[in-house]
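A short write-up of the structure that comes next.
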Amino acid sequence: MNLRTFLLGTCSAVALAGLAQAETLTIATVNNGDMIRMQKLTDDFTSKNPDITLEWVTLEENVLRQRVTTDIATKGGQYDIMTIGTYEVPIWAKQGWLLPLDNLGADYDVDDLLPAIRSGLTIDGKLYAAPFYGESSMVMYRKDLFEKAGLTMPDAPTWDFIADAARKITDKSNEVYGICLRGKAGWGENMAFLTATANAFGARWFDENWKPQFDQPEWKYALDFYVKLMNDAGPPGASSNGFNENLSLFQTGKCGMWIDATVAASFVTNPKESTVADKVGFALAPDTGLGKRGNWLWAWNLAIPAGSQKVAAAEKFIAWATGKDYLKLVADKEGWANVPPGTRTSLYANPEYQKAAPFAKMTLDSINAADPKNPSVKPVPYVGVQFVAIPEFQGLGTAVGQQFSAALAGQMSVDDALASAQKLTEREMTKAGYIK
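Throughout the sequence shown, residue numbering follows mature numbering (1 follows the signal peptide of the UniProt record, and there is no 0), covering -22 to -1, 1 to 414 in sequence.
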C-alpha cells in the first residue's frame, strides 16, 4: 500500500468516525411564524456545531400539545427538545419531567430575561425552559377603517367601545369584518382568548373552594357578548379559526380588528407578508371597567425532557435559539422589527428595535400589566391568566372550548354550552379530588 492510499484510507476512517459520533437532535415545535423563521436560519447553528444535526417535527398548536404531552408522560423519548408553553413548565418540572437548564453558557445572560417571563419558567431558583418568544395580548386594528368611520381608538379601550366599533366598520359585502377572534376549540386556542376575556368581565374558572363558576352570571355575560359580537361583526366560519387563521385574515385585509397575541405585531406590519402593513395601530386589551384587562401572559419555550441522552447538544441549541446573538441574526437577515419579542430586557432598551417596531412599547406594557397571581376581579385559588395552572386544565380547557366553539357555530345555545361546561368541569374536579 502506498502512502497516498494509506492517508486517504485513514482520512476516510476519521470522517466516518466523526459522522458516527454526530448527534441528531429531534425538535418538536409549533408552526408559528417565528419558529418557521428559526428553522430557516439554523445553518448558522450547524456551521458552528458540525457534530450536531437537526431534525424538525413541526406541528399545529393543538397537535403539538397532544404529542409532546403524551411523549413526556409515557417517557416515549421521541424528542430531544420540546417547544412547550408557560402552562406546562412549572407543572412538568415539579413532576420531574424536565431537566434544569444549568449549562447555557457564560454569555447567555439569564438575568437579561424579562422578569415577568422568567418567573413563570423558574422553579426553586432553577430555569427549566428558555423562552423563544414571550407575549401578552392586545388590540391590532386598521387605522384607515377607523378614520373612514370617524372613530378614534383609545390606548386603553373598553369592550363596549370595541363592540360598537366592530359593528360600524363591518362591510360584509366587501368581505371586511369588524373583528376577528379565536373560535377554534382548544385550551390554548379559543379558551386562551375566552379565559383572559372572561377575567375582564369578572368571571373566573373556580371559586376559592375549586367550585366551577360557569353557572354564574359573569360567564353568561362574557360568552353571550362574544357570540353576539362574532355573529354580527365576525368572519364566516369563525368557530374554526385560531391564531394562524386569524393572522391570515388580518394580513389579507379582511379584519378591522384582531385581539390576540402581541407576537403577531411584527407579522401584520411586515410589508412582505401583510397587505395592510402600513395601516395597523395598537391598543391595550379591552376591559369592562372592573379593573382587569383581558391581556394574557405566555411564552413559547424550549425545554429538555428528563432522561434525555443528548443534554449537552440540546443545551447548545437552546442557548443559540434563545440567546442575544440569535436576535442579532434575525435583525441582520429580516430587520429588527422581526426579531422574536417579549423575552429580553436589552431588546426593549435597544434604540434600533424601538425605532423599527412601533408595537414595542405596547407589547412590553401588556406583558408587564398581566397578573397571573390575581387574574380575575374576584379571588381565585389558582395561578394563570388565560389558563389554570393545574395538570387537569389541558383536558378541561379543551372540553369546555369544544362547548363554546359549538355555541359560536350555532350548534347549541350559550346557556346550553355553559351548562355543559359546568357539568363536565364539576365531574372532573370531583374525580380529581379538588371538590370533596
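Even for Gly, the Cβ is constructed at its ideal location relative to N, Cα and C.
Separation of residue j from residue i, as counted between CA atoms
i           : j      : result
Pro329      : Phe337 : 13 Å
Glu251      : Gly161 : 23 Å
Leu305      : Glu153 : 37 Å
Gly55       : Thr100 : 23 Å
Ala(-6)     : Asp102 : Confidence at Ala(-6) is low in this model, with a pLDDT of 41, below 50, so its placement is unreliable and the value that follows should be read with caution. The alpha-carbon atoms of Ala(-6) and Asp102 are separated by roughly 41 Å.
Ala174      : Asn219 : 17 Å
Leu207      : Trp183 : 22 Å
Gln389      : Lys311 : 47 Å
Ser151      : Pro213 : 12 Å
Lys351      : Lys53  : 31 Å
Glu167      : Gly83  : 35 Å
Ser97       : Thr20  : 28 Å
Ser398      : Gly215 : 22 Å
Asp394      : Asp210 : 21 Å
Tyr412      : Gly373 : 15 Å
residue 447 : Pro190 : Outside the modelled stretch of the chain, which goes from -22 to 414, sits residue 447, for which no answer is possible.
Gly164      : Gly128 : 37 Å
Ile95       : Asn273 : 14 Å
Gln17       : Pro318 : 13 Å
Residues that DSSP places opposite residue i in a beta bridge
i           : result
Asp303      : Note: Asp303 sits in no beta bridge, so no partner.
Pro283      : Leu76
Arg322      : Leu91
Pro109      : Asn279
Ala261      : Val117
Val35       : Ala6
Thr100      : Leu105
Ile69       : Paired residue(s): none; Ile69 is not in a bridge.
residue 415 : Nothing about residue 415 can be read from this structure; the chain reaches only from -22 to 414.
Ile30       : Glu1
Gly63       : Trp278
Phe171      : Its beta-bridge partners do not exist; DSSP assigns none.
Exposure of residue i, with buried meaning 16 or more beta-carbon neighbours within 10 Å
i      : result
Pro249 : exposed
Ala263 : buried
Val88  : exposed
Gln381 : buried
Gly180 : buried
Ile14  : exposed
Arg405 : exposed
Lys270 : buried
Pro109 : buried
Glu293 : buried
Ala290 : exposed
Thr403 : buried
Ser114 : buried
Short Cβ contact (7 Å threshold) for residue i with residue j
i      : j      : result
Val35  : Ala6   : yes
Gln400 : Phe260 : no
Phe124 : Met118 : no
Tyr86  : Gly301 : yes
Asn81  : Pro353 : no
Ala255 : Thr266 : no
Thr24  : Tyr57  : no
Ala170 : Gln364 : yes
Arg120 : Gly234 : yes
Met407 : Trp188 : yes
Ile50  : Pro283 : yes
Glu33  : Asn9   : no
Residue-chain proximity (residue i, chain D), Cβ-Cβ < 7 Å
i      : result
Gln380 : Of the protein chains in this structure there is only one, and it is not chain D.
### Query
Is the stretch 260 to 280 in contact with the stretch 149 to 163, if contact means three or more CB pairs nearer than 8 Å?
Judged by Cβ distances under 8 Å, the stretch 260 to 280 makes no contact with the stretch 149 to 163, as fewer than three pairs qualify.
### Query
Does the stretch 69 to 87 come close enough to the stretch 226 to 243 that 3 or more CB-CB pairs lie under 8 Å?
no
#### Entry: the stretch 135 to 143 / the stretch 298 to 315 touching (three or more Cβ pairs under 8 Å)
no
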